[in-house]
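At position 208 of the sequence shown the residue is numbered 208 (UniProt numbering), and the sequence of numbers has no breaks.
C-beta atoms are modelled at their ideal positions from N, C-alpha and C, and glycine is treated no differently.
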Amino acid sequence: MATTALRAQVASKWQESFNRLNKNEPGIAGLMRFSQAWEVATEFLRPKDISDPNALKTYNLATIRVAFDVVNQARRLPVMLEVYMDDIRKQQHLITQEVTAHMFRYEQSANPGIVLELVMRLVEWYNAWAPIPELGNTIRDAYTLTFQTHLFSVLPPSFTPGFKALCASTLPPISSDNDALPEANPRMWAAFETLGLFDRYEALIASVVYQHIEAHVLETCAGKWDEPVLPGLRDWMGKKVIKWMFSPYARGAKTTEEATVMLQGPGQRFDFHMSKTLCDLRTKEIFDIVIDYPDSSGALQDLKECLQRVDQRADLVRTLRTANKKRLLHPGADTKDILTQYVSTIRCLRIIDPPGVLLFKVADPIRRYLRERPDTIRSIVASLVGDGESGDSLVDENEPINPLQQPEIEDYTDPNWEPEPIDAGPDFRANKPSDVISTLVSIYDSKDLFVKELQVLLAQRLLAIQDGNFDKERRNIEILKIRFGEAALQVCEVMLKDMTDSRRTDQHVQSQQTFVLHPTIISRQFWPALESSGIVMPGQFETLQKEYAKEFSRFKPDKKLRWLPHLGTVHLEVQLQDREVTADVPPLEAAFIELFSEKNIWTVDDLISRVGSVDRSSALKALATWVDLGVLKEDAENSFRLLEIAEEATPGTRTAAARQAAIDEAPPVAGVQQQQAEQMRVYWKFIEGMLTNLGQLSLDRIQGMLKFAPGYDRTMDQLSSFMEAARMEGLVTIKDGMWKLNR
């Protein structure tokens with residue numbers, strides 16, 4: 001049971017509360033007035049169904065303010081707010097019904113206008129249930145939090161794409177040339193802020209702009225490489241995107257300066273995304289951009305500027321290396337095409353990245369692949385001398401002719417010295433020639449291979465000249481002297497001098513005695529190895545050679561001619577009973593038809609025995625030339641008869657162009673790789689002996705032991721290529737880097 005003191009304390013508290021509510025008025029007059037004020041205030045705050053006209057009433061705001069003042073003086077306002085929040089929670093099902101109805105309509109039609117209707121309707125509910133400002137910000141913030149919490153909890157998943165479509169509808173169409181934006185709806189953006197949609201869907205609103213920028217860049221910039229597009233994109237951003245940004249991002253700004261400050265952050269993000277999108281596009285197109293250079297210079301300038309803002313250098317390198325491997329570095333690609341693409345890659349990447357880091361990373365697999373191709377050196381050399389077949393596409397006519405540059409050496413005392421870029425590799429400085437030719441030559445460790453190939457190519461070109469005009473070759477040699485140095489081109493000077501001396505010698509011999517024979521006389525010691533043959537010219541050809549050699553010996557008693565009768569071209573006029581056949585043929589064809597002047601029928605074996613050492617396939621090919629011309633006919637297998645009287649032509653006769661191609665198809669001078677392969681075969685016996693006596697050996701061990709062989713001066717790369725060729729022939733095998741004989 002309660003004690004007397006406790007009852008007294010409760011009575012005191014009760015009396016205190018009663019006095020506060022009654023305000024010390026007589027009777028319960030004050031309590032009655034508080035009760036009326038409580039009913040008026042709670043009725044006013046109670047959330048109504050705005051869809052029901054009968055539930056909406058008109059209130060006297062003066063009376064409402066007095067009622068709230070009475071409740072507040074009685075210190076019962078917190079209790080009233082608890083009741084108010086509880087009433088809101090009880091009425092939240094009305095919001096749920098509103099959201100469900102509108103979103104069902106949107107899901108049926110996918111019309112973003114329905115989402116806008118829902119947003120505006122929700123604002124009506126929010127304003128209808130909101131407390132009056134006199135209650136203070138604390139109560140309003142609590143109400144806003146309660147309203148938004150329930151709203152976000154009942155929004156279905158379809159609201160997100162609907163809201164995104166609604167935001168996207170406020171942007172201008174991509175394909176439209178009109179700079180005007182769609183008509184702005186300021187009430188919509190204010191509604192977004194009221195409902196808290198800006199804060200909740202900030203990333204979604206930004207993604208709408210990102211996608212709009214991406215679509216515009218892809219539509220207007222894909223495949224357009226001739227001019228830079230970044231200035232046009234930034235102009236488009238200023239006219240369309242920046243204008244649009246004022247509504248969502250500069251809302252509430254009162255001055256232009258304030259709006260500028262508010263737009264600075266989003267504007268930088270959108271400009272960065274535009275640069276990134278263009279960089280991604282140009283990275284995907286980079287292989288075709290390189291092919292199209294120099295017409296794609298505009299795209300390269302854009303890519304250079306974008307890479308300065310967007311760190312995607314590694315993506316560019318990876319994409320270009322992958323495209324090169326897939327589309328360029330395979331057996332189906334011609335070496336000249338690979339070199340052309342490599343040169344274009346050099347020039348393009350120097351525009352994008354002048355220090356050359358990107359080029360160093362992209363070029364490495366191209367250089368390694370070209371080093372393995374047997375005709376790479378010949379293709380490079382052919383472009384250096386402007387070979388008619390290969391063209392001069394690798395050499396820029398506007399590029400000055402400079403000596404081959406050596407790799408740069410760091411000079412740390414240079415006041416303009418700069419450190420290497422942060423993404424440079426450890427070997428970056430070791431391979432950094434600036435001009436294209438030096439870069440191509442640096443594919444190989446030594447320029448000696450190029451000098452030897454130059455000698456071979458020059459020999460072929462000189463031997464092919466028939467009019468005695470060597471001005472072009474003389475000019476080429478002078479240019480190559482600048483690149484490779486005087487000493488490297490001395491042999492070429494000797495070859496050119498041999499050709500002019502040969503022409504003068506022939507003119508002197510012809511002045512003493514007229515010959516139909518015009519040989520080219522060269523120095524054996526200074527020319528590349530010429531293909532040898534055991535052909536012996538019969539009949540009048542042999543007589544002409546002997547007479548010419550005799551006259552030559554009178555002019556130069558200290559020298560002697562050694563004929564290479566399988567080289568050159570013979571102009572023949574073959575007199576038959578009913579016709580005359582004129583043809584320019586190789587010496588072997590001329591030798592065979594000369595023998596038919598002795599008798600009309602010959603077998604292949606008899607012809608070969610008369611002209612010396614000739615393989616059977618070459619003999620049949622030579623005879624086929626006269627069969628095609630209708631001079632010979634194969635009566636039986638390997639038996640040919642001279643047709644003094646023409647017979648009807650048989651199908652399949654070759655044209656003069658085809659015969660000329662057959663004459664020209666085999667160059668008289670062996671290539672550098674062919675010469676090296678023949679020379680390496682000399683050392684095969686040494687290698688075979690090593691592997692027989694010592695078993696398995698590494699390539700380094702074989703190289704070290706071969707250095708004791710007389711005259712051996714090959715590099716590891718050359719030895720590796722030879723051993724690989726021997727493996728393909730089945731002579732050796734390799735396992736774990738160890739070579740052994742294939743038993």
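Check: Alpha helix (DSSP H) segment containing Met262, residue limits; Outcome: 256-284
Check: Beta carbon of Ile522 nearer than 9 Å to that of Met495; Outcome: yes
Check: Among Val154, Ile346, Glu134, the one whose alpha carbon lies nearest that of Leu118; Outcome: Val154
Check: Integer-rounded CB distance, given that Asp87 should sit under 8 Å from Arg46; Outcome: 5 Å
Check: Gln575, buried or exposed, once every other Cβ within 10 Å from all chains shown has been counted against 16; Outcome: exposed
Check: Closest Cα partner of Arg347 within the set Met262, Leu440, Leu629, Ala101; Outcome: Leu440
Check: N- and C-terminal bounds of the alpha helix (DSSP H) containing Trp244; Outcome: 242-249
Check: Cβ contact (3+ pairs, closer than 8 Å) linking the region 136-148 and the region 157-175; Outcome: no
Check: For Pro78, the nearest candidate out of Leu358, Leu135, Leu458 (CA to CA); Outcome: Leu135
Check: Same chain, Cβ closer than 7 Å to Asp280, neighbours up to 5 away in sequence not counted; Outcome: none
Check: Span separating the alpha-carbon of Asp606 from that of Lys599; Outcome: 12 Å
Check: Residue burial classification, Trp739 (beta-carbon count within 10 angstroms, cutoff 16); Outcome: buried
Check: Entirely enclosed alpha helix (DSSP H) segments - the region 505-567, minimum 4 residues; Outcome: 539-555
Check: Thr514 versus Ala591: straight-line alpha-carbon distance, rounded; Outcome: 22 Å
Check: Spatial distance of Ile734 from Ala725 (CA atoms); Outcome: 12 Å
Check: Opposing strand residues paired with Trp739 [DSSP bridges]; Outcome: Leu697, Ile734
Check: Pair within 9 Å by beta-carbon distance, Thr63 and Val40; Outcome: yes
Check: Residue range of the beta strand (DSSP E) that includes Gln575; Outcome: 570-575
Check: Segment limits, beta strand (DSSP E) that includes Ser639; Outcome: 639-642
Check: Asp235 versus Ser247, Asp271, Trp225, Asp501, residue with shortest Cα-Cα distance; Outcome: Asp271
Check: Beta strand (DSSP E) segment containing Ile64, residue limits; Outcome: No beta strand (DSSP E) holds Ile64; the alpha helix (DSSP H) holding it covers 61-73.
Check: Glu580, enclosing beta strand (DSSP E) - first and last residue; Outcome: 580-585
Check: Closest by C-alpha distance to Leu349, when choosing among Ile291, Asp49, Ala203; Outcome: Ile291
Check: Identified DSSP bridge partners for Thr603; Outcome: Ser639
Check: Range of the contiguous alpha helix (DSSP H) that encloses Tyr342; Outcome: 335-352
Check: Member of Glu372, Glu43, Thr582, Ala488 whose CA lies at the smallest distance from the CA of Ser721; Outcome: Glu372
Check: First through last residue of the alpha helix (DSSP H) which encompasses His330; Outcome: Note, His330: premise wrong, no alpha helix (DSSP H); not H, not E.
Check: CB contact flag (Phe484, Phe450, <9 Å); Outcome: yes
Check: Alpha-carbon spacing of Lys361 relative to Val317, whole angstroms; Outcome: 7 Å
Check: Alpha helix (DSSP H) runs wholly inside the region 148-197, at least 4 long, in chain order; Outcome: 159-168, 186-195
Check: Exposed unless 16 or more other CB atoms sit within 10 angstroms - verdict on Ala666; Outcome: Residue placement at Ala666 is flagged as unreliable, the pLDDT there being 47, under the threshold of 50; a coordinate-derived value is accordingly withheld.
Check: At least three beta-carbon pairs within less than 8 Å, the region 463-475 to the region 496-508; Outcome: yes
Check: Alpha-carbon spacing of Arg579 relative to Ile645, whole angstroms; Outcome: 8 Å
Check: Near the ligand ATP: Ala590 beta-carbon under 8 Å from a heavy atom; Outcome: No copy of the ligand ATP appears in this structure; indeed no ligand is present at all.
Check: Cβ shell of Ser502 (< 7 Å), same chain only, five flanking positions each side left out; Outcome: Thr520, Ile521, Ile522
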